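To convert, take the position in the sequence shown, counting from 1, and add 13; that gives this note's numbering.
C-beta: ideal position from N, C-alpha, C; glycine also.
These figures come from a predicted structure and were not determined experimentally.
The block underneath contains the structure these notes are about, expressed in C-alpha coordinates.
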Amino acid sequence: MTSYSMIKVGNDYVVQANDKCILKVGSRRRAAQLISEATHLLNALAPVASPDLVPEEPSLQRETPELP
(Lines of atoms letter the chains of each structure in order from A; the text may use other names.)
(Lines give C-alpha, C1' and ligand atoms only; values in the text may rest on other atoms or scores of the structure.)
Protein backbone atom coordinates (compact mmCIF):
# COMPACT_ATOMS: atom_id res chain seq x y z
CA MET A 14 0.00 0.00 0.00
CA THR A 15 1.30 3.41 -0.91
CA SER A 16 1.52 6.01 1.83
CA TYR A 17 0.67 9.55 0.68
CA SER A 18 1.58 12.81 2.39
CA MET A 19 2.09 16.47 1.56
CA ILE A 20 4.69 18.97 2.65
CA LYS A 21 4.84 22.73 2.24
CA VAL A 22 7.79 24.06 0.22
CA GLY A 23 7.75 27.85 -0.02
CA ASN A 24 4.30 28.82 -1.30
CA ASP A 25 3.64 25.39 -2.86
CA TYR A 26 2.67 21.95 -1.59
CA VAL A 27 4.51 18.80 -2.63
CA VAL A 28 2.60 15.51 -2.72
CA GLN A 29 4.70 12.51 -1.72
CA ALA A 30 4.15 8.79 -2.18
CA ASN A 31 6.26 6.62 0.11
CA ASP A 32 8.54 9.61 0.84
CA LYS A 33 9.17 10.22 -2.87
CA CYS A 34 8.12 13.62 -4.25
CA ILE A 35 5.72 13.10 -7.14
CA LEU A 36 3.82 16.36 -7.68
CA LYS A 37 3.94 20.06 -6.76
CA VAL A 38 0.74 22.12 -6.61
CA GLY A 39 -0.06 25.66 -5.49
CA SER A 40 -2.95 24.86 -3.14
CA ARG A 41 -3.23 22.72 -0.02
CA ARG A 42 -6.83 21.85 -0.92
CA ARG A 43 -5.78 20.59 -4.39
CA ALA A 44 -2.97 18.50 -2.88
CA ALA A 45 -5.42 16.90 -0.43
CA GLN A 46 -7.91 16.27 -3.26
CA LEU A 47 -5.22 14.54 -5.38
CA ILE A 48 -4.21 12.33 -2.46
CA SER A 49 -7.85 11.36 -1.90
CA GLU A 50 -8.38 10.54 -5.59
CA ALA A 51 -5.16 8.50 -5.82
CA THR A 52 -6.09 6.49 -2.73
CA HIS A 53 -9.58 5.86 -4.11
CA LEU A 54 -8.23 4.70 -7.50
CA LEU A 55 -5.68 2.36 -5.94
CA ASN A 56 -8.35 0.81 -3.71
CA ALA A 57 -10.64 0.31 -6.72
CA LEU A 58 -8.06 -1.74 -8.67
CA ALA A 59 -8.86 -5.41 -9.12
CA PRO A 60 -6.27 -7.73 -7.60
CA VAL A 61 -3.66 -8.97 -10.07
CA ALA A 62 -3.72 -12.68 -10.85
CA SER A 63 -0.80 -14.68 -9.60
CA PRO A 64 1.50 -16.08 -12.32
CA ASP A 65 0.94 -19.54 -10.82
CA LEU A 66 -2.75 -19.36 -11.74
CA VAL A 67 -2.18 -18.59 -15.42
CA PRO A 68 -2.49 -21.68 -17.64
CA GLU A 69 0.69 -22.67 -19.48
CA GLU A 70 -1.12 -23.51 -22.71
CA PRO A 71 -3.33 -21.09 -24.68
CA SER A 72 -7.06 -21.46 -24.14
CA LEU A 73 -7.76 -21.47 -27.91
CA GLN A 74 -6.23 -23.91 -30.36
CA ARG A 75 -4.88 -22.53 -33.61
CA GLU A 76 -6.64 -23.74 -36.71
CA THR A 77 -4.58 -25.16 -39.55
CA PRO A 78 -4.92 -23.02 -42.66
CA GLU A 79 -6.58 -24.52 -45.73
CA LEU A 80 -4.42 -24.45 -48.84
CA PRO A 81 -6.22 -23.89 -52.21
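For residue 16, three-class secondary structure by DSSP: Taking the first residue of the sequence shown as position 1, residue 16 is located at position 3. Note: residue 16 maps to coil in three-state DSSP.
Check whether the Cβ atoms of residue 31 and residue 52 sit closer than 7 Å, and answer yes or no. Within the sequence shown, residue 31 is the residue found at index 18, counting from 1. Within the sequence shown, residue 52 is the residue found at index 39, counting from 1. Cβ atoms of residue 31 and residue 52: not closer than 7 Å.
Less than 7 Å between the beta carbons of residue 54 and residue 28, yes or no? Translated into the one-based positions of the sequence shown, residue 54 becomes position 41. Translated into the one-based positions of the sequence shown, residue 28 becomes position 15. Cβ distance not < 7 Å, so residue 54 and residue 28 don't count as in contact.
For residue 57, count the other beta carbons within 10 Å of its own beta carbon; 16 or more makes it buried, fewer makes it exposed. Which is it? Along the sequence shown, read from residue 1 onward, the residue named residue 57 stands at position 44. Result: exposed.
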